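So that you can map any letter, position 44 of the sequence shown is 58 in my numbering, and since no number is skipped, the others follow by simple counting.
Using N, Cα and C, we set each Cβ at its ideal position, and we do this for glycine too.
Quick caveat, the model's predicted, so the values are computed rather than measured.
Below you'll find the structure, written out as C-alpha cells, and then a few comments.
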Amino acid sequence: MPPKLRLRGQDVEWQTKVRYLGVQIDRSMRMAAQMEQVIHQSRAAQACCAQCSDRTCRSGPNSPYIRATYVPG
C-alpha cells in the first residue's frame, strides 16, 4: 500500500477508481467502470422507451408504409 497522502492537513484515502469531469477512471486508466455504467444506462433507457412506445406500430425495413390521405368528397 502506498504511503498516506495529506492535503491541507487532511488525510486523503486511496481509491481504486475516481470520477473526474463526470467520467469514472479506474487505476489501470482503462475506464472499464465508465463503459459498464454507460452500457447499463443505455439498456435501461432502451427498456423505458420500449415500454412507452406502442409495439404494434413500429416502423422498420419490413413494415408497410402507411400514409394518411385526404379524399374530398
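Asked, Found
"Measuring CA to CA, which of P16, K31 and P86 is closest to A47?", "K31"
"In this structure, what does DSSP give as the bridge partners for Q24?", "L21"
"Look at the alpha carbon of M49 and the alpha carbon of P86, and state the distance between them as a whole number of angstroms.", "56 Å"
"Using the Cα positions of H54 and D40, report the straight-line distance between them to the nearest angstrom.", "17 Å"
"Using a Cβ-Cβ cutoff of less than 6 Å, which residues in the same chain neighbour W28 once the five nearest sequence positions on both sides are dropped?", "none"
"Quick one: what does DSSP say R57 is sitting in, helix, strand or coil?", "helix"
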